[in-house]
Amino acid sequence: MSLKTKHRDLESRIGKLGSALVAFSGGIDSTLVLAVASKVLGKRVLAITAESDSVPARELRAAQALAQKLGVKHKIIRTEEMSSSSYLKNPINRCYYCKSELYGKLARVAAEHRLASILNGINQDDLGDHRPGITAAKEAGVISPLVESGFNKKDVRNLAREIGLPNWEKPALACLSSRIPYGQPITTKKLSMVEQAEEVLLAEGFQNVRVRHHDNIARIELPKEDIPSLLKIDLFEKINLHLEKIGFQYVTVDLKGYRSGSLNEALNLNNKQDYESAKRAAS
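Sequential numbering of the sequence shown, starting at 2, is according to the numbering used here.
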């Protein structure tokens with residue numbers, strides 16, 4: 002199916018809903034869904050962005066600015082996944098508890114505003130990854146229009162560029178909790194350390210950044226082509242000093258480079274017993 006055909010199908014599917022609440026993170030996937038929904042549904046669309054300790058403040062500011070630029074109604078709501086003991090234990094299905102909390106809050110907002118449907122930005126490429134949050138979406142009846150219209154990540158970026166979305170090249174983002182290895186408890190302090198450390202690197206001009214929290218070790222992930230720049234002696238010493246002040250005792254660079262969801266590499270999802278246990282915990 003051509004991108005043009007997928008675009009028409011996406012507009013048609015969303016248009017038939019009548020009204021919608023869009024779970025809007027500010028990433029390119031949910032931005033495309035929001036832009037199309039705004040086009041076909043007009044004022045019958047509301048964008049909602051979640052605020053919590055696991056969301057970097059910079060992403061909230063970016064989402065606010067982008068929603069204003071798109072001319073859509075936008076609200077920020079507080080989610081309380083940090084009050085869930087199951088979430089704080091950081092099991093391999095941690096995202097399930099986060100998304101269940103989010104979609105529960107969105108359902109109440111949608112009912113309050115009499116909006117017929119809740120939409121997210123999941124695309125087809127997401128279906129092949131370890132994404133427990135997808136289970137939460139299905140349970141909550143959340144619609145994934147990009148999946149239904151056959152969009153993969155490349156399609157999303159190509160269409161976003163064609164229709165002039167300003168963030169079409171924005172790197173993929175994920176919550177701060179994704180920087181902490183499974184099984185290690187999530188704490189507000191750890192999340193704050195990660196956010197501060199990534200801000201240090203972003204301030205030096207690096208765009209696609211992850212700082213993984215391994216107790217007293219910060220493991221920096223950057224695209225391989227950016228690693229030589231980071232390792233320039235003056236810059237690395239400066240960054241190392243900043244991260245030590247934040248609270249890390251050691252600072253390392255992952256020579257494999259940045260890759261989305263690298264902490265999933267430690268999962269043995271081929272082990273049926275582990276996988277079935279995770280599914281039962283999410284049910």
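By construction, the Cβ of each residue, glycine as well, lies at the ideal position given by its N, Cα and C atoms.
- The continuous stretches of alpha helix (DSSP H) do not include ARG211, which lies in the beta strand (DSSP E) extending over residues 211 to 215.
- For ALA161, the enclosing alpha helix (DSSP H) begins and ends at 154 to 163.
- For the set LYS100, SER39 and ASP126, the Cα lying nearest the Cα of ALA141 is the one of LYS100.
- If you draw a straight line from the Cα of LEU89 to the Cα of ALA51, it is about 18 Å long.
- A direct Cα-to-Cα measurement between GLN185 and VAL210 gives close to 21 Å.
- A residue is called buried when at least 16 other Cβ atoms come within 10 angstroms of its Cβ; PRO229 does not meet this threshold and is exposed.
- Here MET194 is buried, its C-beta having at least 16 other C-beta atoms within 10 Å.
- Under the 10 Å beta carbon count, LYS7 is surrounded by 16 or more other beta carbons and is classified as buried.
- Between ALA111 and LYS74, the beta carbon gap of about 13 Å keeps them out of contact (Cβ cut-off 8 Å).
- For the 8 Å CB-CB criterion, ASN121 and SER145 form a contact.
- Under the three-state reduction of DSSP, LEU107 is assigned to helix.
- The three-state secondary structure of ILE247, taken from DSSP, is helix.
- By the CB criterion at 8 Å, THR80 and LYS106 fall inside the cutoff.
- Separation of SER20 and GLY129 (C-alpha to C-alpha, rounded to the nearest whole angstrom) is 29 Å.
- Between LEU174 and GLU60, the gap from beta carbon to beta carbon is short of 8 Å.
- Take GLU163, set aside five residues on each side of it, and no residue of its chain has a beta-carbon closer than 6 Å to its own.
- If you draw a straight line from the Cα of ILE247 to the Cα of PRO57, it comes to about 16 Å.
- Residue pairing of THR253 in beta bridges, as defined by DSSP: ARG220.
- Counting the other Cβ atoms within 10 Å of the Cβ of GLU196 gives 16 or more, which makes it buried.
- Using a 10 angstroms sphere on the CB of GLU222, the tally of other CB atoms reaches 16 or more, which defines it as buried.
- In chain order, LEU47, ALA48, ILE49, THR50 and VAL110 place their CB closer than 8 Å to the CB of LYS76, counting only its own chain and leaving out the 5 sequence neighbours on each side.
- The straight-line gap separating the alpha-carbon atoms of ILE187 and ASN159 is approximately 36 Å.
- Fully enclosed alpha helix (DSSP H) runs of no fewer than 4 residues occupy 58 to 71, 86 to 89 and 95 to 113 of the stretch 47 to 134, in order along the chain.
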